[in-house]
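**Q**
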Amino acid sequence: MNRSMPRSVFHLPVAIQLASLVIAFTANSCLADETDSEASWRLLFDSISRKYQLLREADSDDASRLQLAEGPVYVWGRPQSQGSTYGAVYVWTHKGSAEAVACLWRYVNPGGQRAIVHELHSLSPVKIRSEGDFDTWRTHSGASLLPIAGSDGQVSERPVARLQQMRTIGRNFALDSVSASGDRVHLRLLPQPFYRTQSTDPSILDGALFAFVCSVGTDPEAFLQLTAIQTDDGPRWHWSLARFSHHNLYASYKGRDVWASERDVNNPMSHNADHTYWMISQPFQPSMLEALEAREK
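First residue of the sequence shown? That's -18 in our numbering, and the numbers climb one at a time after it.
1. Measuring alpha carbon to alpha carbon, tell me which of E112, P128 and G68 ends up nearest S221.
2. Pairs of beta-carbons, one from the region 131 to 147 and one from the region 262 to 275, closer than 8 Å: are there three or more?
3. Determine the extent of the beta strand (DSSP E) in which F191 is found, giving its start and end residues.
4. DSSP three-state label for S137, please.
5. Can you tell me whether T149 is buried or exposed, with buried defined as 16 or more other CB within 10 angstroms of its CB?
6. Under DSSP, the alpha helix (DSSP H) around W218 begins and ends at which residues?
7. Residues in the same chain with beta-carbon distance under 7 Å from E112, minus the five sequence neighbours each way, listed in chain order, please.
8. In the DSSP assignment, find the alpha helix (DSSP H) that holds E271 and state where it starts and stops.
9. Cβ of V56 within 7 Å of Cβ of V72?
10. Nearest by alpha-carbon distance to K235: which of A161, D133, G68 and A254 is it?
11. If you measure from the beta carbon of S125 to each beta carbon in chain D, is any gap under 7 Å?
12. Beta carbon of V107, beta carbon of A39: below 7 Å?
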């Protein structure tokens, strides 16, 4: 997203205390502390991602724990001239399919105070919840996967051809970001997927997670998930979009409007109406980095 600061929205029961922060964003407010290396922040983000315990809730009472994919699937940064910040993207899976994605990034307010921002979005078709240190994210519904219409939805038998199909489908999507002041930015799709499905579920043939980014830096503004699902008519491509922006987002497919995410009282900066999107802030203390760096030596 265009990295403005969210308010903290949850209670943390144990080691880490989260404070409620409401910090106004200005275009030049993200002043990075260059004494902290990106490698150190990467260690911290890795540590935080491992503290998340995400569980998949079926319609029955059973639940299964999502698996964190090894390491960040993507890292990004902005130079000082563009409001320096740094972040990393993590993916959790179920039976080899991506079912949750998070972006962890650093923020520095105009007073020099630093915070760690957690942005999460469910990609799961069922409800999920978080437990452990970060225990208040609970989605109200599953994410919707919609079929790609017509011949575009046909799935190739060859994995290499399927990747090319997904890239073509992705290019057929156009995504625009519109700020509160009406400034419109056309987002670009990164050609390399962040995660490629390795499904052990016979109903899921293939899939991948792509990102749309803005022209300032390469931080994700939205994620596009494509999934080849077995249907009564054979395997068909399906899609879903996940917002990672506080701006309004509008998507079209081959020129036809297909999706929108607009800010309103039910879809504010910190979450959306069904809580499949969730954003919180965690106050930063230098001791967090110091402890991790000492452990690496």
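Ideal Cβ placement from N, Cα and C applies to all residues, glycine included.
**A** Looking at the coordinates:
1. Walking along the sequence shown from the start, residue 221 turns up at place 240. The residue from E112, P128 and G68 with its alpha-carbon nearest to that of S221 is P128.
2. The answer is no - the region 262 to 275 does not touch the region 131 to 147, with fewer than three Cβ pairs under 8 Å.
3. Counting from 1 along the sequence shown, the entry for residue 191 is found at position 210. For F191, the uninterrupted beta strand (DSSP E) run begins and ends at I185 to V194, by DSSP.
4. Taking the first residue of the sequence shown as 1, we reach residue 137 at position 156. DSSP places S137 in coil when its eight states are reduced to three.
5. Start at 1 with the first residue of the sequence shown, and residue 149 comes out as number 168. Around the beta carbon of T149, fewer than 16 other beta carbons lie within 10 angstroms, which makes this residue exposed.
6. Your numbering for residue 218 matches position 237 in the sequence shown. According to the DSSP assignment, W218 belongs to no alpha helix (DSSP H) but to the beta strand (DSSP E) extending over G215 to R224.
7. Residue 112 sits at position 131 when you count from the first residue of the sequence shown. Result list for E112: Q34 and L36, in chain order.
8. Position 290 of the sequence shown, counted from the first residue, corresponds to residue 271. E271 -> alpha helix (DSSP H) spans P267 to E277.
9. Residue numbering aside, residue 56 sits at position 75 when the sequence shown is read from its first letter. Residue numbering aside, residue 72 sits at position 91 when the sequence shown is read from its first letter. Cβ distance not < 7 Å, so V56 and V72 don't count as in contact.
10. Translated into positions along the sequence shown, residue 235 becomes position 254. Proximity to K235 across A161, D133, G68 and A254 peaks at D133, based on C-alpha coordinates.
11. The structure shown contains no chain D, having only a single protein chain.
12. The count along the sequence shown starts at 1 and reaches residue 107 at position 126. The count along the sequence shown starts at 1 and reaches residue 39 at position 58. For V107 and A39, yes; Cβs fall inside 7 Å.
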